[in-house]
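Asks: Submitted below is the structure of interest, expressed as structure tokens.
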Amino acid sequence: MTRFALTLEFDGTPFQGLQRQKHGPTVQQAVEEAANAVTGEDVRLFSAGRTDTGVHALAMRSHIDIGKELAPFRLMEALNAHLRPNPIAVTHCEIAPDDWHARFSCIGRSYVYRIINRRAPLTIDHKRAWQVPQELDEKAMHGAAQALVGKHDFTTFRSAHCQSDSPVKSLDRLDVERDGNEIRIHAAARSFLHHQVRSMVGCLKLVGQGVWREDQVAKALAARDRQELGLNAPPHGLYFVEATYADS
């Protein structure tokens, strides 16, 4: 068996998330079916992240094990051919060590959340960003975000369905920047709780609107109570952008 490391790009709009579900199409299902068609084997996909319904990825690191002898480029081309018309692309493929695991070897994950801050309806970015018509103060949002950086109990920002053993996580980065009418929130950590990024973004949006004061984000964090969450941002503005490994 040969282990192949894949980099996946996908539009999450038509999928019920990355991980296989009992009902509805998923990214994992589509890639596994493509790999099975290419190899004639029962192939399983493992990935660095577990994106929800409607969440996108620019560079999701994954791996598959196959017995058939194939050069990485040929495998990538064959997978992409069988993935059509799904909005999924394998953008990179290479042979990986047998002990390398896309999920368990990962030491860092990064996301970006896109907000389009304008009144006019979205066309090109429909279902690919969160449209907020009210003027947002990105500097206030960034200031409030810094209270969340570091090691904390993120119970307030955790989904009720989160399966993590502990609500304690170390957030390495949470930066807010504006480029014209687009606001981007960059988040980085070793791992995240279910809905953590979207929950943080929702509260920062309230700060940007002036609905919340900057210090209310810190108070929500300290409360350790999901009832104190101001708002959960919609999934379609969220992108998985990078997985980091010790050897990279």
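Quick note on numbering that gives the first Met the number 0: the sequence shown kicks off at 0 and runs consecutively.
Heads up, the beta-carbon is just placed ideally off N, CA and C, and yes, glycines get one too.
Treat the numbers as computed from the prediction; the structure is a model and nothing was measured.
Suppose only complete runs of 3+ residues qualify. What are the beta strand (DSSP E) ranges in the segment 75-162, listed by chain order?
Replies: 87-95, 105-115, 149-152
Asks: Can you tell me the Cβ-Cβ gap for A186 and Y244, rounded? I've got them flagged as a contact below 8 Å.
Replies: Stepping through the sequence shown from its first residue, residue 186 is reached at position 187. Stepping through the sequence shown from its first residue, residue 244 is reached at position 245. A186 to Y244, Cβ: 19 Å. No contact.
Asks: With distance defined between alpha-carbon atoms, name the residue in M0, F191, Q215 nearest to R102.
Replies: The count along the sequence shown starts at 1 and reaches residue 102 at position 103. Here the closest residue by C-alpha is F191.
Asks: Roughly how many angstroms lie between the CA atoms of R225 and V131, to the nearest whole one?
Replies: As a working mapping, residue 225 is identified with position 226 in the sequence shown. As a working mapping, residue 131 is identified with position 132 in the sequence shown. Distance between the alpha carbons of R225 and V131 is about 23 Å.
Asks: Hey, how far is the Cα of V216 from the Cα of D174?
Replies: Walking along the sequence shown from the start, residue 216 turns up at place 217. Walking along the sequence shown from the start, residue 174 turns up at place 175. If you take the alpha carbons of V216 and D174, they lie about 14 Å apart.
Asks: Cα-Cα, which of G53, I94, S158, Q27 is closest to K126?
Replies: For the purposes of this step, residue 126 is taken as the residue at position 127 of the sequence shown. Considering only alpha carbons, the answer is G53.
Asks: Taking the alpha helix (DSSP H) that K168 belongs to, which residues open and close that run?
Replies: Within the sequence shown, the letter at position 169 stands for residue 168. Counting along the chain, K168 falls outside any alpha helix (DSSP H), though it belongs to the beta strand (DSSP E) covering 167-178.
Asks: Roughly how many whole angstroms lie between the Cα atoms of A4 and A58?
Replies: Taking the sequence shown and counting its residues from 1, one reaches residue 4 at position 5. Taking the sequence shown and counting its residues from 1, one reaches residue 58 at position 59. If you take the alpha carbons of A4 and A58, they lie about 12 Å apart.
Asks: What does a CB cutoff of less than 6 Å around L170 pick up in its chain, not counting 5 residues either side in sequence?
Replies: Along the sequence shown, one-based indexing puts residue 170 at 171. Excluding residues within five positions, the ones whose Cβ falls inside 6 Å are L147, V148, A188.
Asks: Beta-carbon separation of I77 and V37 under 8 Å?
Replies: Locating residue 77 in the sequence shown gives position 78, counting from the first residue. Locating residue 37 in the sequence shown gives position 38, counting from the first residue. For the sequence presented, residue 77 should be read as Ala rather than Ile. It is a contact, given that the beta carbons lie within the stated cut-off.
Asks: Assuming contact is defined by CB atoms lying nearer than 8 Å, are H62 and R157 in contact in what I supplied?
Replies: Mapped onto the sequence shown, residue 62 falls at position 63. Mapped onto the sequence shown, residue 157 falls at position 158. Their beta carbons are not under 8 Å apart, which means H62 does not touch R157 by this criterion.
Asks: Pick out whichever of G236, F72, E227, L121 has its Cα sitting closest to the Cα of T154.
Replies: Position 155 of the sequence shown, counted from the start, is the residue given in the question as residue 154. Nearest C-alpha to T154: E227.
Asks: Which word fits S165, buried or exposed, when buried means at least 16 other C-beta atoms lie within 10 angstroms of its C-beta?
Replies: Here residue 165 corresponds to residue number 166 of the sequence shown, with the count starting at 1. So S165 counts as exposed.
Asks: According to DSSP, simplified to helix, strand and coil, what is R73?
Replies: Position 74 of the sequence shown holds residue 73. Correct three-state label for R73: helix.
Asks: Under 8 Å, with one C-beta from each stretch per pair, do the segment 11-21 and the segment 67-75 reach the 3-pair mark?
Replies: no
Asks: Under 8 Å, with one C-beta from each stretch per pair, do the segment 4-13 and the segment 80-91 reach the 3-pair mark?
Replies: yes
Asks: Please tell me whether G250 and G201 are closer than 8 Å, where the distance is taken between their beta carbons.
Replies: The question about residue 250 has no answer, for the chain in this structure spans 0 to 247.
Asks: Classify V240 as helix, strand or coil using the three-state DSSP reduction.
Replies: Residue numbering aside, residue 240 sits at position 241 when the sequence shown is read from its first letter. It is a strand residue.
Asks: Helix, strand or coil: which one does DSSP assign to H55?
Replies: Locating residue 55 in the sequence shown gives position 56, where the first residue counts as 1. Reduced to three states, the DSSP call for H55 is strand.
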